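Single-structure report; data block below.
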Amino acid sequence: MDAKNFIAKRVAKYFEPGDVVNLGIGIPTLSAQYAAETVLFHGENGIIGVGDLAKGLLFVESFCNASGEEIVPAVGASICSSATSFGIVRGGRLAATVLGALEVSEFGDLANWATPKRAFGMGGAMDLVVGAKKVIVAMEHCTKDGLPKIRKECTFPYTGLRCVNHIVTELCVFDVGEKGLLLRELAPGKTIEDVAAKTDAPFEVADDLGIIGA
Amino acid sequence: MDAKNFIAKRVAKYFEPGDVVNLGIGIPTLSAQYAAETVLFHGENGIIGVGDLAKGLLFVESFCNASGEEIVPAVGASICSSATSFGIVRGGRLAATVLGALEVSEFGDLANWATPKRAFGMGGAMDLVVGAKKVIVAMEHCTKDGLPKIRKECTFPYTGLRCVNHIVTELCVFDVGEKGLLLRELAPGKTIEDVAAKTDAPFEVADDLGIIGA
Amino acid sequence: MKSKLCSREQIINLFKDGQSIAIGGFARCGIPHNLIQCVLDSGVRHLTLICNDTGEGGDGIGRLIHSRQVDKVIVSHIGTNPETVKLFQAGEIEVELNPQGTLAERIRCGGMGLGGVLTKTGLGTIVQNRRQTITVDGQTYILEPALKADVSLTRARRTDPIGNLAYHGTCQNFNPLVVTNGSVSIVEADFHLELNELTIDEIMTPGVFVDMILEQGALYGC
Amino acid sequence: MKSKLCSREQIINLFKDGQSIAIGGFARCGIPHNLIQCVLDSGVRHLTLICNDTGEGGDGIGRLIHSRQVDKVIVSHIGTNPETVKLFQAGEIEVELNPQGTLAERIRCGGMGLGGVLTKTGLGTIVQNRRQTITVDGQTYILEPALKADVSLTRARRTDPIGNLAYHGTCQNFNPLVVTNGSVSIVEADFHLELNELTIDEIMTPGVFVDMILEQGALYGC
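If you want it as structure tokens, here you go:
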């Protein structure tokens, strides 16, 4: 299993049967395949019950996910307007939202939509991090250049302040709370020092530190 | 024709084909029978196209007017939530609202929902007078005790300020504007003096003063 | 999927003294009679009701007024229920009167996770006196804060086991707003359908807003 | 009833330089392609568009970007259209970015005759910097003002001659909001039905919100 699927599989453990969950593009979307069958996926475009990618006669404009890809509605799916779709989000009806991140601060501030040079739109991300019951960041631990994405403070434009509850990377799982970061799980074969070397913020270590996938 | 129907018939002349109009209880509701067939009547409970009172198998809970009476939806009728129903109202989509009044001031302030002793709810009246394109008061010119209802100022709790556009009574038709009252039409056989004697506010007389029903 | 069907007993046990309860319906139309019976049977008191009106006497929502379980009502009028008027005049029930369109938006705000809306309705009236006014682009509005109930009681025409709902006729009224509002959202439906029996375009309320569905049984007094 | 069907020419003549136009659709889904063609054919310029996004290149709403008829867009993102990004970076188009849920509510407010809504979305971000914040019951919210367009362009699945509308699948998205918004509300529909052919419970948008319906013809590029 590659790093992305490793992360996605761990993320899916946060979902309970019957949950309605929103998944961002990239690694978050991968987590759908590891979720229990009774989890429904919410698309910002107003669908509750995003199913598989469509083929053949089911490949129609009228059923798309929030990325504009043709999909098949899941069993039990429903559709609503964009206003109601975000009413679900802000109204606290999403059990979780899973997003990628450019940076996360030790207190759960999130920057995931813009850099100083590229600010082409926040889409639904700002609503999602305000409204969902659990905000889960699923990302590779460092940037492509090897720089830490978990930091004392974000430098890029914020998506939301103190909104992240969990961070899942190929190295570890952090809980994020009022006291900052708590290391909950390590990837198999990794050490606390491995995490510390790639994390630009202090963190506590859980008494019952676990192993991802164990 | 009695006074109430005389007033209602004159009110219906304000409606254009294709208009959507809200009618209050009492005299306003009577005006429906004098309206063009293509006028649709809006009920606060979320129906656009209130038809006749229902009988027989059509007498069901599922189709009521805003007074809770069973009705038959008109041809072309639609139904929406209470939020959308008042979106129609505030959004300026009603060509007219016709209401009764306890008092109307010379500048179009309206008091129609409460007295100092009885204040049991404004229902939708405050929304209607703010949102409808034309606010028409249809009422008997004086109270049962013979006191003027058109006054320099209202003494009862307001429904809205400077909101009334037209007043239709068994005596006359007033337009109401920024300059105050303008007498537009007299009932057959009535004089300007008859109106003045029963109106507790100054008014101008239109150059082309007409006769109701002529 | 997990079925959201619940027994009368499960629902009755959920009510507590002092709760706020939003209830769908308008006059005699679209009232959740069976869920109101559950509130009656629970015997809880000191309730605050959020609803358009208090019915017409001892029927519908009026049953909770007659049973004296209610301390306060947030409504657009009480004029159709002499019992509410009597208790109000005796100072035994608190009544907060709202313009009907404002009440609808306040209930919607609570459900949609919004803090309030700006409206011109009520400017210059007693409604303005109790509220903040806000100026936007030179226009003055009343700021009407969201209403949020502990529990909401909704009546739908049709439901599936996960609470995807369709309404019928003017029984819609406040129901699609109320269903989004309660911290616990409870639904009763005239007809119980199988999963996927409602076509996707018929669904007016996604089941994600619904927590519990009263299991099917004889309908009370419809 | 009076039919609201209009010819392409009647609709084209309605557009003017400098207008604001709200457009339904989301990505490639539920776009009013034929009405966009009318805007193109009108040749009007200096438009402000209010819509979720500007499409994916030279298709859908993107056609109006490529044609350089637009001075400003009020959207939730432009990232899917390289042309919009290029014009934005060159300072040739103004872009106002809104959180998607906030954009939906602002469009709804304009249609529903409300002045704005209070939301927590965007607190602590650049979105807050441009807005007033309001405290209600100890909670801080951003006040997001209503958006109101001169014209709105909506795509529905089915219409009758007076504009009672039904949507299909995720082509719904912003359309039921946009249709309420424009001072002139124009609709195109995939299917034109007779009066009363839509059953009353199928209607999602009452025709009272619709001013003009594009007469039926070959659909552009769907």
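Protein chains in written order, with this note's numbering: chain A, 1 to 214; chain B, 1 to 214; chain C, 1 to 222; chain D, 1 to 222. Built from N, CA and C at the ideal position, the CB exists for glycine as well. All figures in this text were calculated on a predicted structure; none of them were measured in a lab.
Open item on the list: I'd like the span of the beta strand (DSSP E) that includes residue 145(C), first residue to last.
Closed with: For the purposes of this step, residue 145(C) is identified with residue 145 of the third sequence, where counting begins at 1. DSSP places residue 145(C) inside the beta strand (DSSP E), whose first and last residues are 139-145.
Open item on the list: I'd like to check one pair, residue 72(A) with residue 42(A): are the Cβ atoms closer than 8 Å?
Closed with: Residue numbering aside, residue 42(A) sits at position 42 when the first sequence is read from its first letter. Residue numbering aside, residue 72(A) sits at position 72 when the first sequence is read from its first letter. At the C-beta level, residue 42(A) and residue 72(A) stay beyond 8 Å of one another.
Task: Candidates 82(B), 170(B), 29(B) and 153(B), of which the one nearest residue 162(B) by Cα - done: The residue given as residue 162(B) occupies position 162 in the second sequence. Taking only the C-alpha atoms, the option nearest residue 162(B) is 153(B).
Open item on the list: Am I right that residue 53(C) and residue 33(C) are in contact with their C-beta atoms under 8 Å? What's the rounded C-beta distance?
Closed with: Here residue 53(C) is taken as the residue at index 53 of the third sequence, counted from 1. Here residue 33(C) is taken as the residue at index 33 of the third sequence, counted from 1. About 15 Å separates the beta carbon of residue 53(C) from that of residue 33(C), a gap too long to meet the 8 Å contact definition.
- [ ] Could you name the residues of the stretch 150-180 of chain C whose beta carbon sits closer than 9 Å to any beta carbon of chain B, in the order they occur along the chain?
- [x] Correct list: 157, 167, 168, 169, 170, 171, 172, 173, 174, 175, 176 and 177.
Open item on the list: Can you look up residue 19(A) in the DSSP assignment and give me helix, strand or coil?
Closed with: What you label residue 19(A) is simply residue 19 of the first sequence in a count that begins at 1. Of the three classes helix, strand and coil, the one that applies to residue 19(A) here is coil, per DSSP.
TODO: Taking C-beta pairs closer than 7 Å, name the residues in chain D that residue 78(C) reaches, listed in chain order.
DONE: Along the third sequence, read from residue 1 onward, the residue named residue 78(C) stands at position 78. Chain-order list of chain D residues neighbouring residue 78(C): empty, with the shortest C-beta distance near 25 Å, by a criterion of under 7 Å.
Task: Residues, ordered as in the chain, of the stretch 57-68 of chain A that lie near chain D by beta-carbon distance below 9 Å - done: Along the stretch 57-68 of chain A, the positions whose C-beta sits under 9 Å from a C-beta of chain D are 60, 61, 62, 63, 64, 65, 66, 67 and 68, read in chain order.
- [ ] Return helix, strand or coil for residue 78(A), following the three-state DSSP convention.
- [x] Here residue 78(A) corresponds to residue number 78 of the first sequence, with the count starting at 1. Here residue 78(A) sits in strand by DSSP.
Task: Three-state secondary structure (DSSP) of residue 22(D) - done: Residue mapping note: residue 22(D) aligns to position 22 of the fourth sequence, counting from 1. Of the three classes helix, strand and coil, the one that applies to residue 22(D) here is strand, per DSSP.
TODO: Could you tell me whether any Cβ in chain A is nearer than 8 Å to the Cβ of residue 120(D)?
DONE: If you number the fourth sequence from 1, residue 120(D) lands on position 120. Residue 120(D) counts as touching chain A.
- [ ] Determine which residues of the stretch 207-219 of chain D have a Cβ less than 7 Å from any Cβ of chain B, and write them out in chain order.
- [x] Residues of the stretch 207-219 of chain D whose Cβ lies closer than 7 Å to any Cβ of chain B, in chain order: 207, 208 and 209.
Open item on the list: Within a Cβ cutoff of 7 Å, which residues of the same chain sit near residue 114(A), ignoring the five residues on either side of it in sequence?
Closed with: Walking along the first sequence from the start, residue 114(A) turns up at place 114. Leaving aside the five residues that flank residue 114(A) on each side, the residues in its chain whose CB is nearer than 7 Å to its CB run, in chain order, 156 and 157.
- [ ] Say whether chain B places a C-beta atom closer than 8 Å to the C-beta of residue 2(D).
- [x] In the fourth sequence, the residue the question calls residue 2(D) occupies position 2. Residue-level contact by beta carbon holds for residue 2(D) and chain B, with a gap shorter than 8 Å.
Open item on the list: Under 7 Å, CB to CB, which of the residues in the stretch 22-50 of chain B have a partner in chain D?
Closed with: If the cut-off is 7 Å between Cβ atoms, the stretch 22-50 of chain B has 38 and 48 near chain D.
Task: Cα-Cα separation between residue 98(A) and residue 50(C), rounded to whole angstroms - done: Taking the first sequence and counting its residues from 1, one reaches residue 98(A) at position 98. Taking the third sequence and counting its residues from 1, one reaches residue 50(C) at position 50. Near 35 Å, if we compare the C-alpha coordinates of residue 50(C) and residue 98(A).
Open item on the list: Check whether the stretch 127-139 of chain D and the stretch 129-148 of chain A touch, using three or more Cβ-Cβ pairs below 8 Å as the test.
Closed with: With the rule of 3 Cβ pairs closer than 8 Å, the stretch 127-139 of chain D does not count as touching the stretch 129-148 of chain A.
Open item on the list: Considering just the uninterrupted stretch of the beta strand (DSSP E) at residue 106(C), what are its terminal residues?
Closed with: For this step, residue 106(C) is matched to residue 106 along the third sequence. Premise fails: residue 106(C) lies in the alpha helix (DSSP H), 100-112, not in any beta strand (DSSP E).
- [ ] Determine the extent of the beta strand (DSSP E) in which residue 72(C) is found, giving its start and end residues.
- [x] Within the third sequence, residue 72(C) is the residue found at index 72, counting from 1. Looking at the DSSP string, the run of the beta strand (DSSP E) that includes residue 72(C) is 70-75.
Open item on the list: I need the boundaries of the alpha helix (DSSP H) containing residue 215(B), first residue and last residue.
Closed with: Lying outside 1 to 214, the shown extent of chain B, residue 215(B) is not represented and no answer is given.
TODO: Could you please give the first and the last residue of the uninterrupted beta strand (DSSP E) stretch that includes residue 126(A)?
DONE: Taking the first sequence and counting its residues from 1, the one referred to as residue 126(A) is at position 126. Where residue 126(A) is concerned, there is no enclosing beta strand (DSSP E), although the alpha helix (DSSP H) it sits in stretches over 125-131.
Open item on the list: I need the straight-line Cα distance from residue 39(C) to residue 133(D), nearest angstrom please.
Closed with: Locating residue 39(C) in the third sequence gives position 39, where the first residue counts as 1. Locating residue 133(D) in the fourth sequence gives position 133, where the first residue counts as 1. Looking at the two C-alpha atoms, the distance is approximately 39 Å.
Open item on the list: Counting only C-beta atoms, is residue 17(A) closer than 8 Å to chain C at any point?
Closed with: Looking up residue 17(A) in the first sequence gives position 17. Yes - at least one Cβ of chain C is within 8 Å of the one on residue 17(A).
TODO: Starting from the beta carbon of residue 157(B), find every residue of chain C whose beta carbon is closer than 9 Å, and list them in chain order.
DONE: Along the second sequence, one-based indexing puts residue 157(B) at 157. Result: 125 and 126.
Open item on the list: Counting only Cβ pairs nearer than 7 Å, list the residues of chain F close to residue 101(C).
Closed with: No chain F is present in this structure, whose protein chains are A, B, C and D.
Open item on the list: Just verifying my parser: in three-state terms, what is the DSSP assignment at residue 82(D)?
Closed with: If you number the fourth sequence from 1, residue 82(D) lands on position 82. Assignment of residue 82(D) by DSSP, reduced to helix, strand and coil, places it in the helix class.
Open item on the list: Rounded to the nearest angstrom, what separates residue 190(B) and residue 176(B) at their Cα positions?
Closed with: Here residue 190(B) refers to the residue found at position 190 when the second sequence is read from its first residue. Here residue 176(B) refers to the residue found at position 176 when the second sequence is read from its first residue. Residue 190(B) and residue 176(B): Cα-Cα distance of roughly 20 Å.
Open item on the list: Given a cut-off of 8 Å on the beta-carbon distance, is the pair residue 120(B) and residue 79(C) in contact?
Closed with: Start at 1 with the first residue of the second sequence, and residue 120(B) comes out as number 120. Start at 1 with the first residue of the third sequence, and residue 79(C) comes out as number 79. Residue 79(C) sits close to residue 120(B), with the two beta carbons spaced by under 8 Å.
Task: Alpha carbon of residue 12(A) to alpha carbon of residue 129(B), nearest angstrom - done: As a working mapping, residue 12(A) is identified with position 12 in the first sequence. As a working mapping, residue 129(B) is identified with position 129 in the second sequence. Each residue's alpha carbon lies about 53 Å from the other.
Open item on the list: Can you confirm whether residue 222(C), when its beta carbon is compared against all beta carbons of chain D, has any partner nearer than 8 Å?
Closed with: The residue labelled residue 222(C) in the question sits at position 222 within the third sequence. Residue placement at residue 222(C) is flagged as unreliable, the pLDDT there being 43, under the threshold of 50; the coordinate-derived value follows with that caveat. Cβ-Cβ to chain D under 8 Å: no for residue 222(C).
- [ ] Thinking residue 101(C) and residue 56(B) are a contact (beta carbons under 8 Å), I'd like their distance in whole angstroms, please.
- [x] Reading the third sequence from its first residue, position 101 is the one you call residue 101(C). Reading the second sequence from its first residue, position 56 is the one you call residue 56(B). Between residue 56(B) and residue 101(C) the Cβ distance is about 34 Å, and since that is not below 8 Å, they are no contact.
Open item on the list: Just checking: is the beta-carbon of residue 189(B) within a distance shorter than 8 Å of some beta-carbon in chain C?
Closed with: By one-based count along the second sequence, residue 189(B) stands at place 189. Residue 189(B) does not count as touching chain C.
Task: Delimiting residues of the beta strand (DSSP E) encompassing residue 96(A) - done: Along the first sequence, one-based indexing puts residue 96(A) at 96. For residue 96(A), the enclosing beta strand (DSSP E) stretches over residues 96-99.
Task: Opposing strand residues paired with residue 166(A) [DSSP bridges] - done: Translated into the one-based positions of the first sequence, residue 166(A) becomes position 166. DSSP lists 136(A) and 175(A) as partners of residue 166(A).
Task: Between the CA atoms of residue 27(C) and residue 194(B) - distance to the nearest angstrom - done: The sequence position of residue 194(B) within the second sequence is 194, counting from 1. The sequence position of residue 27(C) within the third sequence is 27, counting from 1. Residue 194(B) and residue 27(C) have their C-alpha atoms spaced approximately 42 Å apart.
Open item on the list: Assess contact between the stretch 45-53 of chain A and the stretch 172-179 of chain C, defined as three or more Cβ pairs (one per stretch) separated by less than 8 Å. Is contact present?
Closed with: The stretch 172-179 of chain C and the stretch 45-53 of chain A do not touch, with fewer than three beta-carbon pairs separated by less than 8 Å.
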